[in-house]
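Numbering (mature numbering (1 follows the signal peptide of the UniProt record, and there is no 0)), first residue to last: -28 to -1, 1 to 290. See structure below.
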Amino acid sequence: MFEPRRPVKMFVGLMTAALLSTTLGACASSTSAEDSEITIGLAVPNQQSPFYVAIRKWVEDEAKRENAKVLIADAKNDADDQVSQVQDFITRGVDGLIYIPAGAAAATVPVRAAKSAGIPVVTVDRNPKDAPGDTFIATDSVAAAQELGEWVVKNAGDRSNLAIIQGQLGTTPEEARDEGFKKGIEGGKIKEVARQASKAWLQDEGYQIATDLLQAHPDIDIIFGRADGLALGAAQAARNAGSKDMLVVGFDGDPSGLEAVKSGLLAATVTQQTTAMGKLAVQSTLKLIKKEQVPAEQLQKGILTTSENVDEYLANHP
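Structure follows, in structure tokens:
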């Protein structure tokens, strides 16, 4: 006996299954396409420092050019909060991490956590000693600070009593700038009479620290602020104290620092190549995500900036 409807039912069933399979396959392909967008986490200590603001801007610009997404976490100078923020990045499944530690104490924790999750880490400006990033991008602060120290020796005139306003103790830039500047003034007449550390490299700290140092050591006539913000605060404190012949130098080359060099408030600074560093951080992250080789250290030249060349960097920041 013939049953002519059964093949029709089978055909319909097969077509339904095929359609369902195609639909599910299309959904899977769509999901895969959406998931294929590269996401980079950027963890910064704060968004007060012009240096970190500049790094963020150029990271975002370069990531946009590369069709990558950037998630931002501002630690507000709290290292413990930054640990939690990076853990959140890991939970959200970022493909790569650009990391500027908020301090020295817990700096290794985010690097180890990210690497344990298979996420490549690019450290910028600061590199945890016991858990370095897959690549480290920063200014060659030792060489730059040495050049700055040598410039101070040549341009000090009769001044010789140096005060140093430090950045965060234990951080890579503070230690490198200390090492380089000591080399730069070595063998000259300049002697260090006082130093004090800041907590966050900020201008108001520079002002208060310089005010205290000048009261304790009225013979100070040279101040090195390890960041432009610290130097600007120190220069204002010196003016308020009536020190008209103070030689103040900084480090960073942020817009306010460059303007201060132009006006004469600061005698010199070192301009960091934040544009290049932000772009390089993104390109290095993308290479690491693709399992490509990247140098362990990528140091950029710091540019000694005085009244002679400041206009160039005000017009076109490197």
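Beta carbons: idealized from backbone N, C-alpha and C, even for Gly.
- According to DSSP, residue pairing for I72 in a beta bridge does not occur.
- Cβ neighbours of A128 within its own chain (closer than 7 Å, five residues either side excluded): I162, I194, L219.
- The beta carbon of D112 lies closer than 7 Å to those of L271, Q272, K273, G274 in the same chain, with the five residues before and after it left out.
- Excluding residues up to 5 positions away in sequence, P73, A79, T80, V83 lie with their Cβ nearer than 7 Å to the Cβ of P100 in the same chain.
- Apart from the 5 residues on each side of it in sequence, A248 sits with its Cβ closer than 7 Å to the Cβ of Q272, P290 in its chain, given in chain order.
- With a cutoff of 8 Å on beta-carbon distance, A182 and G205 are scored as near each other.
- Spatial neighbours of Y179 in its own chain (CB-CB distance under 6 Å, excluding positions within 5 residues in sequence) are listed in chain order as G205, Q208, A209.
- Shown here, E231 sits in a helix according to DSSP, grouped into three states.
- Counting C-beta atoms within 10 angstroms of its own C-beta, A86 has 16 or more neighbours from the protein chains shown and is therefore classed as buried.
- Comparing alpha carbon positions, the residue from D150, E158, A103, I137 closest to K126 is E158.
- DSSP, read as helix, strand or coil, puts Q20 in coil.
- For N212, the enclosing alpha helix (DSSP H) covers residues 200 to 212.
- Relative to the Cα of I137, the nearest Cα in the group T144, D150, D130 belongs to D150.
- Between T277 and T63, the alpha-carbon positions lie close to 43 Å from each other.
- Taking a C-beta distance under 8 Å as the contact criterion, L134 and V242 do not qualify as a contact pair.
- For the segment 126 to 208, the full-length beta strand (DSSP E) segments reaching 3 residues or more read 133 to 138, 163 to 169, 194 to 197 along the chain.
- Counting along the chain, no beta strand (DSSP E) covers L237, and no H or E run does either.
- Excluding its 5 nearest sequence neighbours in each direction, K155 has C-beta neighbours in its own chain below 6 Å: Q118, listed in chain order.
- A distance below 8 Å separates the beta carbons of L260 and G68.
- Secondary structure in the segment 55 to 128: the beta strand (DSSP E) runs of 3 residues or longer, each lying completely within the stretch, are 68 to 71, 93 to 96, 107 to 111 in chain order.
- Residue state for K41 is assigned as strand, using DSSP reduced to three classes.
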